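Asker: Starting off with a structure, shown below.
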Amino acid sequence: MKIGKFLLLMAIALSFVACKSPKEVPYMTNIDQMPPELIAASAQAGDFSMKIGDLLHITVSGSNADAVKPFNKIRYISDVSGGSLTYSVGDATTMFYLVDKDGNIDFPVLGKLHILGMTKTQVEQYVTSLIYPRYLTEMPNVECRIQNFRVYCIGDFNAPGVIQASNGRLNLIEAIAMCHDLTLQGRRDNILLVRTHPNGQRTTTRFNINDANFIAKPEFELQQNDILYVQPNESKARLSWSSPPQLAFGISLMGTAMSIITFITVLANK
5 MKIGKFLLLM AIALSFVACK SPKEVPYMTN IDQMPPELIA ASAQAGDFSM
55 KIGDLLHITV SGSNADAVKP FNKIRYISDV SGGSLTYSVG DATTMFYLVD
105 KDGNIDFPVL GKLHILGMTK TQVEQYVTSL IYPRYLTEMP NVECRIQNFR
155 VYCIGDFNAP GVIQASNGRL NLIEAIAMCH DLTLQGRRDN ILLVRTHPNG
205 QRTTTRFNIN DANFIAKPEF ELQQNDILYV QPNESKARLS WSSPPQLAFG
255 ISLMGTAMSI ITFITVLANK
């Protein structure tokens with residue numbers, strides 16, 4: 005009977021070790037104490053910076069379709085009635101602008117433009133300034149979108165992998181949601197962000213999403229090619245520990261022996 009009680013106590017102890025404290029699971033537990041201006045600032049969309057290898061879709065539009073046509077990689081088609089303007093999408097490899105190893109894109113009419121490190125807004129303003137008023141009599145509408153805005157999520161997500169933002173922006177909470185949340189064993193107090201900047205420098209930032217102040221960090225708004233890593237908690241790390249084959253065999257043998265002893269003890273007490 006003593007052996008049976010011992011095994012029961014061992015099982016209970018292991019269950020407590022594997023449990024996660026309820027305080028470690030909820031997100032943003034103190035958000036009600038945050039100043040409203042910080043919450044409002046965190047809701048503003050970030051403006052990503054151009055990096056080598058980015059694939060951009062830049063369109064120039066205006067009321068005069070023929071005037072803006074030379075500045076586009078898309079082919080405008082006027083409606084037969086003359087009342088509307090649409091465009092056809094061609095081969096994707098010729099539709100987009102690749103930021104080359106020198107940080108340049110090859111733009112129609114304007115030639116090579118150095119945009120490395122510029123934000124989306126700055127690129128739009130830069131292209132506009134080169135076109136108007138030199139080539140056009142009215143200011144065009146320039147829109148820049150990134151086509152390969154990817155974030156790499158590894159570690160204790162429920163669905164780790166590569167996620168892509170079709171609208172060219174993504175924040176930390178959105179990335180977590182797209183990965184179907186963190187597992188219960190994932191550490192919410194130590195999420196690691198690895199970011200490569202336009203100049204090639206890498207920086208790291210750590211988030212504690214139990215504390216709502218993380219949404220006020222500038223890095224809350226993610227950038228293309230960011231890496232997010234969720235570390236497992238201590239209980240999962242212990243469970244994933246790999247024991248030597250000899251120790252595993254010994255533990256297995258001991259467990260078998262304890263089972264036999266328990267069986268014999270039960271029979272003897274009957």
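Quick note: the sequence shown uses the working numbering, first residue 5, plus one each step. Cβ atoms here follow ideal geometry from the backbone N, Cα and C, with glycine treated the same way. Keep in mind the model is a prediction, meaning the values are calculated, not measured.
#1: Under the three-state reduction of DSSP, which class applies to residue 70: helix, strand or coil?
#2: By the DSSP assignment, the alpha helix (DSSP H) with residue 176 in it spans what residues?
#3: For residue 130, does the three-state DSSP call read helix, strand or coil?
#4: Cα-Cα, which of 74, 216, 76 is closest to residue 177?
#5: Three-state secondary structure (DSSP) at residue 123?
#6: Taking 6 Å as the limit between beta carbons, can you name the residues of its chain near residue 94, skipping five residues before and five after?
#7: Does the Cβ of residue 238 have 16 or more other Cβ atoms within 10 Å, making it buried, or fewer, making it exposed?
#8: Does the region 203 to 210 come close enough to the region 151 to 166 that 3 or more CB-CB pairs lie under 8 Å?
#9: On the DSSP bridge assignment, give the partners of residue 110 in chain order.
#10: Let me know the secondary structure DSSP gives residue 231 once reduced to three states.
#11: From the DSSP output, read off the bridge partner residues of residue 190.
#12: Tell me which residues share the same chain as residue 162 and place their Cβ nearer than 8 Å to its Cβ, disregarding the 5 neighbours each side in the sequence.
#13: Between 192, 265, 101, which lies nearest to residue 32 when the distance is taken from Cα to Cα?
#14: Using CA atoms only, rank isn't needed, just tell me which of 230, 227, 195 is closest to residue 213.
#15: Can you give the Cα-Cα distance for residue 170 and residue 39, rounded to whole angstroms?
#16: Whole angstroms are fine: how far does the CA of residue 121 sit from the CA of residue 231?
Answerer: Result, derived from the coordinates:
#1: helix
#2: 176 to 182
#3: helix
#4: 216
#5: strand
#6: Low confidence applies to residue 94: its pLDDT is 44, below 50, so where it sits in the model is not reliable enough to give any reading.
#7: exposed
#8: no
#9: 116
#10: strand
#11: 236
#12: 183, 184, 185, 186, 187
#13: 192
#14: 195
#15: 31 Å
#16: 19 Å
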